[in-house]
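Each remark here refers to the structure printed beneath this line.
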Amino acid sequence: MKLQQTRALGAPVYWFDETPSTNVTLEALWRDDNALPDGALVLTGHQTAGRGRQGRGWQTPPGKCLAASVLVRGFVGLEASWLPLVAGAAVVLATEPVFASERRVAVKWPNDVHMMREVEIDAPGAAAETEMRLGSKLNGILCQLLPDGSAIIGVGTNLFLTNEELPTERAGSWLSEGAELRGATQLADAEGERIADEYLVRYLTELRRLVSLARTRPSALIDEVSRHSATLGTRVRVHLPGGEQVVGRARALESDGALTVARDDGGLLTVHAGDVEHVREASAN
Numbered sequence: 008m009k010l011q012q013t014r015a016l017g018a019p020v021y022w023f024d025e026t027p028s029t030n031v032t033l034e035a036l037w038r039d040d041n042a043l044p045d046g047a048l049v050l051t052g053h054q055t056a057g058r059g060r061q062g063r064g065w066q067t068p069p070g071k072c073l074a075a076s077v078l079v080r081g082f083v084g085l086e087a088s089w090l091p092l093v094a095g096a097a098v099v100l101a102t103e104p105v106f107a108s109e110r111r112v113a114v115k116w117p118n119d120v121h122m123m124r125e126v127e128i129d130a131p132g133a134a135a136e137t138e139m140r141l142g143s144k145l146n147g148i149l150c151q152l153l154p155d156g157s158a159i160i161g162v163g164t165n166l167f168l169t170n171e172e173l174p175t176e177r178a179g180s181w182l183s184e185g186a187e188l189r190g191a192t193q194l195a196d197a198e199g200e201r202i203a204d205e206y207l208v209r210y211l212t213e214l215r216r217l218v219s220l221a222r223t224r225p226s227a228l229i230d231e232v233s234r235h236s237a238t239l240g241t242r243v244r245v246h247l248p249g250g251e252q253v254v255g256r257a258r259a260l261e262s263d264g265a266l267t268v269a270r271d272d273g274g275l276l277t278v279h280a281g282d283v284e285h286v287r288e289a290s291a292n
C-alpha cells in the first residue's frame, strides 16, 4: 500500500500483505538494526498469529482490519506501564472523527478501545435517566519493552468487519458501528486505503504529541488520558490473578497507571494486573 500521508511523516514504514504479528516483525527489524528510528512502523491487513493480553490470540481476516506496530523511543516522565493508556487515548482521538459527533469512543482499562452507548435507565417513581455504558470493542492494544528501554506499541483496529464476521458478540468494527467509510469495504479499495492512511496520520500525530506531553508535563498527560477513560467512575468487577473477584467503583489512575477501585466491602484496591469487567448497578453484587 502507498499510504502516502503516513510515509510523509518521515519515519520508516514497512507494509506487509501478511505477517504473523506486527509486534514480532518490528522487534525483528529492531534486532537487525538497533538504530531503527523513533516512529518506525510495521503494518499489515492480515495478521495470522497476533497476540492479545495474557497470551490470547488475535487474528484478522484479510483486508478487513489494520494491525500497526510503532517503535517509541524516549518515553520518559511516566512509567512505561502508561503506554497502553497513552496509546488508547491516541486511538480514541484518531477514531472519533469517523463517527457522528454524538458517538463517544473511550478506553477500557488498561488497553481496549470501545464505543460507548447511551442507555435509558427506568427508575420507579422517577423520571427516566440515561447513562453511558461500554459498547463494542473496536481496538486492542499490546505493548512490549525492548532491552534498550524503547517500546513497541501494537494496535489492532477492526475497520471493515461485517456483523457476520465479528469474532464475538462484544466485538465491533467501524463498519458495524456506522462509521463514515465512503463506501469502502476493505483495505484494497482506493477509499479503504485512504481511510486507513488518514487514520494512521491522526493516530501517529496524537501518539507523538502525548508522548511529548509525558516528557514535559506528565500531570497534564494523566489528566488527558483520564478524560478518555471508559472505566473511571464506573462499577467494575476485578478478576484478580488466583481467582479472587472484587466489586467496587473505579476511582482513579495511580502514578504508575494502575487502577484504584473503591471496594464495596470497604477500603481501596490498587489493580496493577487483572481483568476488569464493567457491571451494571443492578448486577454488581
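Each residue of the sequence shown is one higher than the one before, starting from 8 at the first, in the working numbering. Think of the CB as a built atom: it goes at the ideal place given N, C-alpha and C, for glycine as much as any other residue. Just so we're clear, the structure is a prediction, and the values are computed from it rather than from any experiment.
- If you ignore the 5 residues before and after residue 207, its C-beta comes within less than 6 Å of the C-beta of 13, all in its own chain and listed in chain order.
- Per DSSP, residue 116 lies in no beta strand (DSSP E) and is assigned neither H nor E.
- Under the three-pair Cβ rule at 8 Å, the stretch 116-123 counts as touching the stretch 235-247.
- From the listed residues 158, 98, 25, the smallest Cα separation to residue 164 is found for 98.
- Sixteen is the threshold: since fewer than 16 other Cβ atoms of the shown chains lie within 10 Å of the Cβ of residue 279, the residue is exposed.
- Counting only the Cα atoms, residue 76 lies some 15 Å from residue 218.
- Only residues of its own chain outside the window of five on either side were considered, and among them 151, 153, 159 have a CB closer than 8 Å to the CB of residue 34, listed in chain order.
- When secondary structure is reduced to three states using DSSP, residue 263 falls in the coil class, being assigned neither helix nor strand.
- If you draw a straight line from the Cα of residue 25 to the Cα of residue 45, it comes to about 23 Å.
- Going by DSSP, residue 51 is part of the beta strand (DSSP E) stretching over 48-51.
- Selection 39, 29, 68, 108 evaluated against residue 171 yields 68 as nearest (Cα-Cα).
- Note that the stretch 104-111 does not touch the stretch 264-280; fewer than 3 beta-carbon pairs, one per stretch, sit closer than 8 Å.
- Excluding its 5 nearest sequence neighbours in each direction, residue 124 has C-beta neighbours in its own chain below 6 Å: 140, 142, listed in chain order.
- When the alpha-carbon of residue 284 is set against those of 258, 245, 260, 267, the nearest one is in 245.
- When secondary structure is reduced to three states using DSSP, residue 26 falls in the strand class.
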